[in-house]
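S.K.: Here you go, one structure.
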Amino acid sequence: MLGGFSFSALRSRAALPLPLAPPPRFLRGLPHPRAVFSSSSSSLPLPPPGMEAPYKFGPYKIDAREVFHATPLSYAMVNLRPLLPGHVLVCPKREVKRFADLSSDETSDLWVTAKEVGARLEQYHKASSLTFAIQDGPEAGQTVPHVHIHVIPRKKGDFEKNDEIYDAIDVKEKELKDKLDLDIERKDRSMEEMAHEANEYRALFS
Numbered sequence: 004m005l006g007g008f009s010f011s012a013l014r015s016r017a018a019l020p021l022p023l024a025p026p027p028r029f030l031r032g033l034p035h036p037r038a039v040f041s042s043s044s045s046s047l048p049l050p051p052p053g054m055e056a057p058y059k060f061g062p063y064k065i066d067a068r069e070v071f072h073a074t075p076l077s078y079a080m081v082n083l084r085p086l087l088p089g090h091v092l093v094c095p096k097r098e099v100k101r102f103a104d105l106s107s108d109e110t111s112d113l114w115v116t117a118k119e120v121g122a123r124l125e126q127y128h129k130a131s132s133l134t135f136a137i138q139d140g141p142e143a144g145q146t147v148p149h150v151h152i153h154v155i156p157r158k159k160g161d162f163e164k165n166d167e168i169y170d171a172i173d174v175k176e177k178e179l180k181d182k183l184d185l186d187i188e189r190k191d192r193s194m195e196e197m198a199h200e201a202n203e204y205r206a207l208f209s
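This is the structure we're talking about:
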């Protein structure tokens, strides 16, 4: 994944200065997420009617402007820190920690939604393949206790070794946990950037 996706439990950790380390080898040379979408307008696009209410991602509130597609049971949002252009998250609307806790209807809807989102983003980004990834539980790398599927359009050569994408997802999940805090403003992609990206993707479903 990933994007995006003001977040409390990490307040004390986030307040401590952390030494900066160089990015892992497999992340070097990737396009900076801010380069994927840009806008000269300072105004944020509004979510369409019916999608104004905030969404939940574990304990965190997600602004509806970050959500670009929703069904009765699932939603798709842009990523706070995408690995590659088009890296998004698809989540059940109900706050569910583990995959096995989803109902049959939620499971079906989640994967159908991921399939539809993936197909549209693969075409939009002129990609040739897709990675679908789910980390089910903390030992599997899940850092936000809410089931979510990483949907990532793929192109030839985007990673030196194809399976390094999974290591990169682990790194981004851990970075996400360090960055999210309920009481501080996010310092990654701006709301404007994410809202405009979501607006572009939303048009794919209209």
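Residues 4 to 209 (the numbering used here) are what the sequence shown spells out, left to right.
Beta carbons are placed, not taken as given, at the ideal position from N, Cα and C, and that holds for glycine.
As the structure is a prediction and not an experimental result, all values here were calculated from the model.
What did DSSP end up calling Phe102 once you bin it into helix, strand or coil?
M.R.: Here residue 102 refers to the residue found at position 99 when the sequence shown is read from its first residue. Phe102 falls in the helix class under three-state DSSP.
S.K.: May I ask you to report which of helix, strand or coil DSSP gives Arg205?
M.R.: In the sequence shown, the residue the question calls residue 205 occupies position 202. Looking at Arg205 - three-state DSSP - the assignment turns out to be helix.
S.K.: How about Gly144 and Asp191: are their beta carbons less than 8 angstroms apart?
M.R.: Counting from 1 along the sequence shown, the entry for residue 144 is found at position 141. Counting from 1 along the sequence shown, the entry for residue 191 is found at position 188. In this structure, Asp191 does not lie closer than 8 angstroms to Gly144 by Cβ.
S.K.: Buried or exposed, going by whether 16 or more other CB atoms sit within 10 Å of the CB of Asp161?
M.R.: Taking the first residue of the sequence shown as position 1, residue 161 is located at position 158. Its Cβ being crowded by 16 or more others within 10 Å, Asp161 is buried.
S.K.: Which value, in whole angstroms, describes the spacing of the CA atoms of His149 and Leu76?
M.R.: Within the sequence shown, residue 149 is the residue found at index 146, counting from 1. Within the sequence shown, residue 76 is the residue found at index 73, counting from 1. Going from the Cα of His149 to the Cα of Leu76 covers about 14 angstroms.
S.K.: By the DSSP assignment, the alpha helix (DSSP H) with Arg123 in it spans what residues?
M.R.: For the purposes of this step, residue 123 is taken as residue 120 along the sequence shown, with counting starting at 1. Note, Arg123: alpha helix (DSSP H), 107-127.
S.K.: Mark Arg205 as exposed unless 16 or more other C-beta atoms lie within 10 angstroms of its C-beta, in which case mark it buried.
M.R.: The residue given as residue 205 occupies position 202 in the sequence shown. Buried is the call here.
S.K.: Whose C-alpha, out of Val93, Glu163, Lys164, Val147, is nearest the C-alpha of Leu124?
M.R.: For this step, residue 124 is matched to residue 121 along the sequence shown. Closest by alpha carbon: Val93.
S.K.: What is the DSSP secondary structure of Val150, counted as helix, strand or coil?
M.R.: Against the sequence shown, residue 150 aligns to sequence position 147. In this structure, Val150 counts as coil in the three-state DSSP scheme.
S.K.: Whose C-beta lies closer than 7 angstroms to the C-beta of Lys158 among residues of the same chain, with five residues either side of it excluded?
M.R.: In the sequence shown, residue 158 corresponds to position 155, counting from 1. Cβ within range, chain order: Ala130, Ser131.
S.K.: What distance in whole Å lies between the Cβ atoms of Leu87 and Pro141, which are believed to be in contact at a cut-off of 8 angstroms?
M.R.: Locating residue 141 in the sequence shown gives position 138, counting from the first residue. Locating residue 87 in the sequence shown gives position 84, counting from the first residue. Pro141 to Leu87, Cβ: 25 angstroms. No contact.
S.K.: Using DSSP with H/G/I as helix, E/B as strand and the rest coil, what is His199?
M.R.: Within the sequence shown, the letter at position 196 stands for residue 199. Of the three classes helix, strand and coil, the one that applies to His199 here is helix, per DSSP.
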